[in-house]
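Presented below is the structure to which this report refers.
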Amino acid sequence: MKNTDIKIAPSILSADFAKMGEEVSALKKIGADIVHCDVMDGVFVPNISFGIKMVADIRKHTDLPLDCHLMIVHPEKYVERFAKAGADYITVHYETCLEDTENVLALIKKQGVKCGVVINPDTPAVKIKDIIPLCDMVLIMSVFPGFGGQKFIESTLESVRYVRDIVDKLDKDILIEIDGGINEETAKAARQAGVNVLVAGSAVFSSDDKALTIKKLRGAV
Ligand code: DX5
Ligand code: ZN
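Numbering (my numbering), first residue to last: 44 to 264.
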């Protein structure tokens, strides 16, 4: 895989919410490829972030794809509204959908939005084996969801390799994304394991030179 194939998706969870318009419009200028929107309900995860209106409002500030990571119970109830708000990708947790995952993915697709499944670090990747071909994106959490700034869980790279193996055998372009604890070092390991979308919250937003950080995460410098 070439470095140019690696996409960087800054997570706006680490942005200043009071300056979100500026923060989001700056992302394209610094070389980001995707805007990662972490939606948390305080039920599935022990934190509350933002919802549909934030996605609709940031839509006005960027033409980059919006990647909405729904950390909410009953995502099927909200898929349509996130789609109308301007999401380009909607990913839902396997843990919140279980045997209904296939139907929720179909619902996302019906809205004309790219769909994806997410697994937590302790969910065996084999659970989504049959779901992977239905996805446009598979997201592997490399921390337990809820907060930015946590330490990367190395063992999740096994799940990345497992998913990469399946994706490579399919005749479909499926993105493999990793989320949590991504810095220069862990980005390299994730790229080597077969990831092509790297979410980075604190690494990008706490950087004094965000453009350079994005290049480093991409492995371009
Ligand atoms: C965690 C979120 C992540 C998080 C990443 O629940 O899904 O997207 O914001 O933040 P960092 O890169 O700081 O681990
Ligand atoms: Zn996320």
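Heads up, the beta-carbon is just placed ideally off N, CA and C, and yes, glycines get one too.
C-alpha gap between residue i and residue j, whole angstroms
i, j, result
"V247", "D222", "13 Å"
"E66", "A75", "12 Å"
"I95", "E145", "23 Å"
"C158", "I151", "6 Å"
"K231", "R261", "8 Å"
"P143", "G224", "Correcting the residue type first, residue 143 is Asp in the shown sequence and not Pro. Their Cα atoms are separated by approximately 29 Å."
"L107", "I77", "6 Å"
"K45", "E220", "Confidence at K45 is low in this model, with a pLDDT of 49, below 50, so its placement is unreliable and no value can be given for it."
"K72", "R207", "30 Å"
"I49", "G85", "31 Å"
"A61", "D214", "43 Å"
Residue closest to residue i, alpha-carbon to alpha-carbon, out of the options
i, options, result
"L70", "M83, A52, F195, A61", "A52"
"M83", "T105, T199, F190", "F190"
"I183", "L141, K258, H112, V156", "H112"
"I174", "D100, I209, P108, G244", "I209"
"G187", "N163, K172, R207", "First, the amino acid is wrong: residue 187 is Phe here, not Gly. Comparing Cα-Cα distances from F187 to each of N163, K172, R207, the minimum goes to N163."
"D81", "Q154, R204, K172, L109", "L109"
"T139", "K153, K120, V156", "K120"
"V240", "D165, D216, K212", "D216"
Rounded Cβ spacing between residue i and residue j (contact assumed at less than 8 Å)
i, j, result
"Y137", "V160", "5 Å"
"F87", "I115", "6 Å"
"H79", "V242", "5 Å"
"P118", "V147", "6 Å"
"S250", "G192", "No, S250 and G192 are not in contact; Cβ-Cβ is about 13 Å, not under 8 Å."
"V102", "G64", "Residue identity differs from the one stated: residue 102 is Arg in this sequence, not Val. At roughly 11 Å, the Cβ-Cβ gap does not stay under 8 Å, so R102 and G64 are not in contact."
"V98", "Y132", "That pair is no contact at about 11 Å."
Exercise. Hey, which unbroken runs of the alpha helix (DSSP H) at 4 residues or more fall wholly within the region 83-123?
Worked result: 95-102
Problem set entry | Sequence ranges, alpha helix (DSSP H) only - wholly within the region 213-253, length at least 4 | Correct list: 227-236, 245-248.
Exercise. Below 8 Å, can you find three or more Cβ-Cβ pairs linking the region 234-247 to the region 172-179?
Worked result: Contact between the region 234-247 and the region 172-179 is absent, because fewer than three Cβ pairs lie under 8 Å.
For this session: Would you check if the region 190-205 and the region 109-129 touch, i.e. whether three or more CB-CB distances between them fall below 8 Å?
Result: no
For this session: With a floor of 3 residues, list each beta strand (DSSP E) that falls wholly inside the region 148-224, ordered by position along the chain.
Result: 157-162, 180-184, 218-222
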